[in-house]
Amino acid sequence: MLGGRRHDCPDCSGKSRLGAVGLGFAAGLATAAGLLIGRKTVATASIGKGHPLKHRVLDAAAGALQQKWPLEAMSTYLNGFHMVADDMGRQVEATHFCIHLQHDLHQCVIFDSNRADARLIGIEYIISEDRFRSLPEDEKRLWHSHHYEVKSGVLVAPGIPELAERAYFNDLVTTYGKTFHTWQIDRDDFPYGIPQLMMGFTQDGQADEEMIAARDRRLGISTAKRRRQRETIPMPGVAPGANGWESGRAVQTRLEEVEFKR
Numbered sequence: 001m002l003g004g005r006r007h008d009c010p011d012c013s014g015k016s017r018l019g020a021v022g023l024g025f026a027a028g029l030a031t032a033a034g035l036l037i038g039r040k041t042v043a044t045a046s047i048g049k050g051h052p053l054k055h056r057v058l059d060a061a062a063g064a065l066q067q068k069w070p071l072e073a074m075s076t077y078l079n080g081f082h083m084v085a086d087d088m089g090r091q092v093e094a095t096h097f098c099i100h101l102q103h104d105l106h107q108c109v110i111f112d113s114n115r116a117d118a119r120l121i122g123i124e125y126i127i128s129e130d131r132f133r134s135l136p137e138d139e140k141r142l143w144h145s146h147h148y149e150v151k152s153g154v155l156v157a158p159g160i161p162e163l164a165e166r167a168y169f170n171d172l173v174t175t176y177g178k179t180f181h182t183w184q185i186d187r188d189d190f191p192y193g194i195p196q197l198m199m200g201f202t203q204d205g206q207a208d209e210e211m212i213a214a215r216d217r218r219l220g221i222s223t224a225k226r227r228r229q230r231e232t233i234p235m236p237g238v239a240p241g242a243n244g245w246e247s248g249r250a251v252q253t254r255l256e257e258v259e260f261k262r
C-alpha cells in the first residue's frame, strides 16, 4: 500500500488503537508544520470553509502525508475554451492539466480555474493525427481538431517561455481531442445531469471575444500576441471526420432507460 504500512497484530488490538492515536497525533503535528510553511499554506487556505473541524483536519493530513502519483504526473497546464457540441452559444473556459501518457496520447483533467478551490468539470483525451485517422467513422464524430485553437492563440500554456510554448504547440497543432464536461457550469452551481460532449472552435468569429479578453486580463497574457508568435507554425489540414458539427448536425449524450442485465 502506497504511503504507509499494514500492521497485523491479532493479540494486541488495544495497543494497535493506542498506536493509531499516537500516529494520528504525530500526523497532526506533521500536517500543522506542512501547513505553516510552503505553498500549500496559500493554496489550501480557502478550502473546506464551513466543514466540521474533523473533516478539515483529515483533509489536511491526507494532503500532507499521501502521495497522489497520477496528479503529480500532470505536468502540463493549458487554458482554452470549449463549446457544447450541439450549441455554439454555450461556451466555457477550460483549465487543463495533462500528462503525455503515450507517444500518441495525452490525458487531461479539466477545471474551471487554476485556483485551489477550482471545480472539476471534465476530461479530455488528445491523440495524434495518425491515431485519429485509424478510428472508426462513428468514433471520429466525437473528436475535434486543435489546428485553429493553436494557430489563433486561444489555447495557451500560461507561464511557459514563448519559445518553449511555441515548440509545444508546434506538435499539438496536428492533434485531436475528445472532451466531455461533467459539470455544466454555465447553467448550474452543482454537477447535475449527464456528461456533455464538447467541441473546439475552428475559425474566427466563433469564440466569445469578451470571455477571451477576460481570461487574458486575469492571466496577464495576450491572445493576439500569441497568434502573431505562432504564424510560423504550419497550418495542418483537418482529417476527414473531425469537427462533425460543422456539417450542421451534431452528436450529443442523452439519458436512456434500459433493461437491467443479471
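With the UniProt record's numbering, the residue at position 37 of the sequence shown is 37, and numbering never jumps. Note that CB positions come from ideal geometry on N, CA and C, so glycine has one too.
Legend entry - Any alpha helix (DSSP H) of 4 or more consecutive residues that is wholly inside the segment 184 to 243: Complete alpha helix (DSSP H) runs here, min 4: 209 to 219, 223 to 229.
Legend entry - C-alpha distance - E259 paired with R228, whole-angstrom precision: Cα to Cα, E259 sits roughly 55 angstroms from R228.
Legend entry - Beta carbon of F169 nearer than 8 angstroms to that of R119: No, the Cβ-Cβ distance between F169 and R119 is not below 8 angstroms.
Legend entry - First through last residue of the alpha helix (DSSP H) which encompasses G50: Premise fails: G50 is in no alpha helix (DSSP H) and is neither H nor E.
Inset, instruction - Quick one: residues in its chain with C-beta nearer than 6 angstroms to the C-beta of T174, no 5 flanking neighbours on either side, listed in chain order? - result: The residues are E129, P236.
Inset, instruction - For V92, name the three-state secondary structure that DSSP assigns. - result: The three-state reading of DSSP puts V92 in strand, counting E and B together.
Legend entry - E256 in three-state terms, based on DSSP: Coil at E256, not helix or strand.
Inset, instruction - Determine the direct distance from the alpha carbon of I221 to that of A167, and round the result to whole angstroms. - result: Cα to Cα, the separation comes out at about 18 angstroms.
Legend entry - Residue burial classification, E257 (beta-carbon count within 10 angstroms, cutoff 16): Counting C-beta atoms within 10 angstroms of its own C-beta, E257 has fewer than 16 neighbours from the protein chains shown and is therefore classed as exposed.
Legend entry - For A94, the nearest candidate out of R215, A224, G244, E246 (CA to CA): Shortest Cα-Cα distance from A94 to any of R215, A224, G244, E246 involves R215.
Inset, instruction - Confirm, please, whether the CB-CB distance from G177 to R226 is below 8 angstroms. - result: It is not a contact, given that the beta carbons lie outside the stated cut-off.
Legend entry - Per-residue burial, Q102 [other beta carbons within 10 Å of its own, 16 or more giving buried]: With fewer than 16 other Cβ atoms inside 10 Å of its own Cβ, Q102 counts as exposed.
Inset, instruction - May I have the straight-line CA-CA distance separating R249 from D86, to the nearest angstrom? - result: Those two C-alpha atoms are separated by around 8 angstroms.
Legend entry - Segments of 3+ residues assigned as beta strand (DSSP E) that fall wholly inside the segment 105 to 148: The DSSP assignment places complete beta strand (DSSP E) segments of no fewer than 3 residues inside the segment 105 to 148 at 105 to 111, 120 to 127, in order along the chain.
Inset, instruction - Count the other C-beta atoms from every protein chain shown that fall within 10 angstroms of the C-beta of H51, then say buried if there are 16 or more, exposed otherwise. - result: Per the 10 Å Cβ criterion, exposed.
Legend entry - Opening and closing residue of the alpha helix (DSSP H) in which F163 lies: Looking at the sequence shown, residue 163 is not Phe but Leu. It spans 162 to 172 - the alpha helix (DSSP H) in which L163 sits, taken as one unbroken run.
Inset, instruction - Measure the alpha-carbon distance for R185 versus V109 and round it to whole angstroms. - result: Sequence check: residue 185 is Ile here, not Arg. When only Cα atoms are considered, I185 and V109 end up about 15 angstroms apart.
Legend entry - Neighbour-count burial assignment, F132, 16 or more Cβ in a 10 Å radius: Result: buried.
Inset, instruction - Grab me the residues of H181's own chain with a C-beta within less than 6 angstroms of its C-beta, minus the 5 sequence neighbours each way, in chain order. - result: So the list reads I121, G122, Q196, M198, once near-sequence residues are dropped.
Inset, instruction - Just tell me which of C98, E165, H82 has its CA closest to the CA of Q91. - result: Looking from the CA of Q91, the closest CA among C98, E165, H82 belongs to H82.
Inset, instruction - May I have the straight-line CA-CA distance separating T202 from A61, to the nearest angstrom? - result: Approximately 45 angstroms between the Cα atoms of the pair.
Legend entry - Inter-residue spacing [alpha-carbon to alpha-carbon] between E149 and L53: E149 and L53: Cα-Cα distance of roughly 44 angstroms.
Inset, instruction - Below 6 angstroms CB to CB, which residues in the same chain sit around L105 once its five sequence neighbours on both sides are set aside? - result: The answer, listed in chain order, is I127.
Inset, instruction - Give the single residue among V84, T223, F97, Q206 whose Cα lies nearest to the Cα of residue 308. - result: One cannot answer for residue 308 here, as it falls past the ends of the chain, which runs 1 to 262.
Legend entry - 8 angstroms Cβ cutoff met for Q252 and M88: Cβ distance not < 8 angstroms, so Q252 and M88 don't count as in contact.
Inset, instruction - Identify whether V251 lies in helix, strand or coil by the three-state DSSP scheme. - result: Reduced to three states, the DSSP call for V251 is coil.
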